[in-house]
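Below is the structure:
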């Protein structure tokens, strides 16, 4: 919050990091780079002063490893360490590793507790303890408590700064307390009501406090918090509660229902987005890869998936191998067979994508899948018939063989039906078995459309033309 | 906000809509269904009373068309119309179509302006005008203004209820005004500062007002709003600004920079999520399909994609057709050739997925792709070599033909390299050409890995074994 400038449209006057399309302007990065190369701290500060933490993070991601370390060194105490929460993990660790524990402690003490936890959780236990020892008692206690909760839990993501008052206070008392206490969070939109043992009783929005008269009791304007989140809860589950009830913030409680922190929607937006992305990446056969990962990391994480697919490919090859006599006698089948298999694969990918997404958003489960099953089978039949007519006609025209057109058309309808069923049922069954449908579905589904595609087409052709 | 009940954990006592895994409990739906079938309004109200709007929406989605209409009829004025903003568009239209304009007007007048717009924007202009005529002047004006902005713009999603005060007011005046004015939004966390022409000057968080002394001028505690959003801006662009600057709410201004509304993060979360999902669906070859769409809608939207893919399949088939002589002489090639093509396809899908996502999050563009290009080529070489060694060995063992193992291994490395290049460059080029990389990439990429796979393997085999 920049109080020094009263003009609303500040960003127009200074050089902007982004162009009109939202892409980073190369000239901006070059200017930063030159200032770093020249060890010109004054110029550097002029360039990056006033950047938002996400913008500074973006600048860091565009620099080389060396330039990043030098930038942080040159900025010294003026560096906005919140930017570290905005860069990829690899870059964050790189920068932190280059800093002394003393400097990290200084940096951490300037951050909100959730940002501080974000940085501390990646460090070794030894370093983390040394840094915590350097912090004031109250802050150390708060951070230790958050760090004690499991990885990726609500307790790790929560802010431990919040305002809590007893129910018998008046609105006036509460306002006076907020005016006088210096140890409040930077921004907050509700305050919590707790009993003497810090057990959560309810919450009051700031707009409700502002609109109440000073003598009113907090008790009479508070409302019970129906969606308190246990600190041990996984962050993805917490995100689902936020989505389900359109929450902007939620109290986090320990196992005794005592208030320990507050989760806000801005911490949760990242989780929501990551979750939607995760399915995309998994269905594409990549893990939680980041664009800044090294060649070896990327190659290793991707090769496992390729090996798994190799089995499917060999399975398909051995199905074809069964029909080598047929192919030898009628070699045109070899050219046509991949069409049947690949169209089935494409149709299955459509059904599978919709199913995986519907499972993730809980729009479908094994109990209510009947209607969807009927729909997918009908879609498979309709589109299968359309594609079959076209492909049969083209094949007839191309090969001059009417019977071949019929064979490929029938095989196509069969494989499109198999594709619909596999694309729907395999993700559902995998989900029921406790596996992640986004990761494993594609292998099984492709195996089925390949096998049914090759077996159906070559088998039907062998029988129709009497080649076996 | 339910003030009538002071016990914090209300939901434990009443029957819950969700089980522990977050799935809808069938017994709950059955109970609602029975109450509807029996025309038992009392029982129905007892069942769905106190449900959150998203929960009520979920219940509606589990009912049949008839049951939905009857439920809304039985509930009468007690129905929470906000639930309509939580169901699929098809279901919303179905329910609204069954209501008289008079009842829609009553419903709309109870909703916040953004929810009202959400319902009104789907109606025909005639119905919409008739409904607006029935509303009080001030509300009608507000809604008309929001509806005048383009579809999916910030102006459509904004709330037109907000608190705005002049800069020369004191904190005390502001608090008194908020205590007395009845026409304030239900919840808000900041107030805006405007000049006499309603031009936006800045904003103050409620926490800042609460912590200031009554005689202080608003002017002295406000800060300029750097991220005001033009009402005409597309909602996706607005969502990007929210993400970029971790905003919880933002002022919406008209072309003269006059304050017209406020966008809050809960409206934006849906947009952010939709955008992340969009790429997943598009890469899977489906449009913005919803799980409640009919067979014909789904079939029609998917078949276009299948026809496009058919061309790729025929292209691959004609490449194979070039080598019919080769295959006739060495039929084992027919069984092995899909392995090379499909492994290339899988590797390309990995690179393409990462690239499409990186384009969407603006982590990569045509200017900074050099480093990524180098990485992808190296990953393709590394994994290509690993897969090639395995596949060459297996082929040698399987066929007893060492030369065949060498040929397939070399063809595999070549196709894996082609896959890396195509998976990266095609999305980037499509994006540069202004096309959506998520939609079109897969066709082109598969065409390349199929053609290179078949051509490379069969061509190399023909040459190596002297079969042409």
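Chains as they are written, first to last, in the UniProt record's numbering: chain F, 1 to 468; chain V, 1 to 468.
The beta-carbon is built from N, C-alpha and C at its ideal position, and this holds for glycine as well.
- The bridge partners DSSP lists for residue 193 (chain F) are F:165, F:202.
- With the criterion set as a beta carbon lying under 8 Å from some beta carbon of chain V, the stretch 65-96 of chain F has no members that meet it.
- Chain-order list of chain F residues neighbouring residue 244 (chain V): 54, by C-beta distance under 7 Å.
- Interface residue (Cβ-Cβ distance to chain F less than 8 Å): residue 207 (chain V) is classified as such.
- A direct Cα-Cα distance of roughly 11 Å separates residue 167 (chain F) from residue 199 (chain F).
- Residue contact with chain V for residue 346 (chain F): present (Cβ-Cβ distance below 8 Å to some residue of chain V).
- For residue 321 (chain V), the chain F residues whose Cβ falls inside 8 Å of its Cβ are 332, 335, in order along the chain.
- The C-alpha of residue 179 (chain F) lies about 11 Å from the C-alpha of residue 214 (chain V).
- In the structure shown, residue 223 (chain V) falls within a strand segment according to DSSP collapsed to helix, strand and coil.
- Across the set V:453, V:452, V:53, V:34, the C-alpha of V:53 shows the shortest separation from the C-alpha of residue 244 (chain F).
- Boundaries around residue 251 (chain F) are those of the beta strand (DSSP E), 249-253, since no alpha helix (DSSP H) includes it.
- Around the beta carbon of residue 305 (chain V), 16 or more other beta carbons sit within 10 angstroms, so the residue counts as buried.
- With its beta carbon less than 8 Å from one in chain F, residue 383 (chain V) belongs to the interface.
- When C-beta atoms of the stretch 252-260 of chain V are compared with those of the stretch 316-325 of chain F, fewer than three pairs fall below 8 Å, so the two segments do not count as touching.
- Among the residues facing chain V, residue 144 (chain F) is not included, as its CB has no counterpart in that chain under 8 Å away.
- In the same chain as residue 91 (chain F), and ignoring 5 residues on each side of it, the C-beta atoms closer than 8 Å to its own belong to 60, 61, 68, 292, in chain order.
- Annotated as distal: residue 74 (chain V) and residue 33 (chain V), with beta-carbon spacing of 8 Å or more.
- Separation of residue 260 (chain V) and residue 184 (chain V) (C-alpha to C-alpha, rounded to the nearest whole angstrom) is 15 Å.
- In the DSSP assignment, residue 322 (chain V) falls outside any beta strand (DSSP E), carrying neither H nor E.
- Shown here, residue 264 (chain V) sits in a strand according to DSSP, grouped into three states.
- Only those residues of the stretch 21-33 of chain V whose C-beta falls short of 7 Å from the nearest C-beta of chain F are listed: 22, 23, 26.
- For residue 240 (chain V), a Cβ of chain F is located within less than 8 Å of the residue's own Cβ.
- In the structure shown, residue 18 (chain V) falls within a strand segment according to DSSP collapsed to helix, strand and coil.
- At a C-beta separation below 9 Å, residue 173 (chain V) has no neighbours in chain F, since its nearest C-beta there lies roughly 13 Å away.
- The beta carbon of residue 283 (chain F) falls within 8 Å of a beta carbon belonging to chain V, placing the residue at that interface.
- When the beta-carbon positions are compared, residue 300 (chain V) and residue 286 (chain V) stay at least 8 Å from each other.
- Residues of chain F with a Cβ closer than 7 Å to the Cβ of residue 358 (chain V) are, in chain order, 291.
- Residue 415 (chain F) has a beta carbon lying at 8 Å or more from every beta carbon in chain V.
- Straight-line measurement puts the Cα of residue 446 (chain V) at about 47 Å from the Cα of residue 49 (chain F).
- Contacts between residue 277 (chain V) and chain F, judged by CB atoms closer than 7 Å, involve 276, 357 in chain order.
- Residue 217 (chain F) sits in a strand when the DSSP states are folded into three classes.
- Shown here, residue 63 (chain V) sits in coil according to DSSP, grouped into three states, outside any helix or strand.
- Taking C-alpha positions only, residue 391 (chain V) is separated from residue 405 (chain V) by approximately 7 Å.
- Straight-line spacing of the CA atoms in residue 85 (chain F) and residue 241 (chain F) works out to 24 Å.
- Exposure of residue 296 (chain F) is indicated by the presence of fewer than 16 other C-beta atoms within 10 angstroms of its C-beta.
- DSSP, reduced to helix, strand and coil, places residue 170 (chain V) within a strand of the structure shown.
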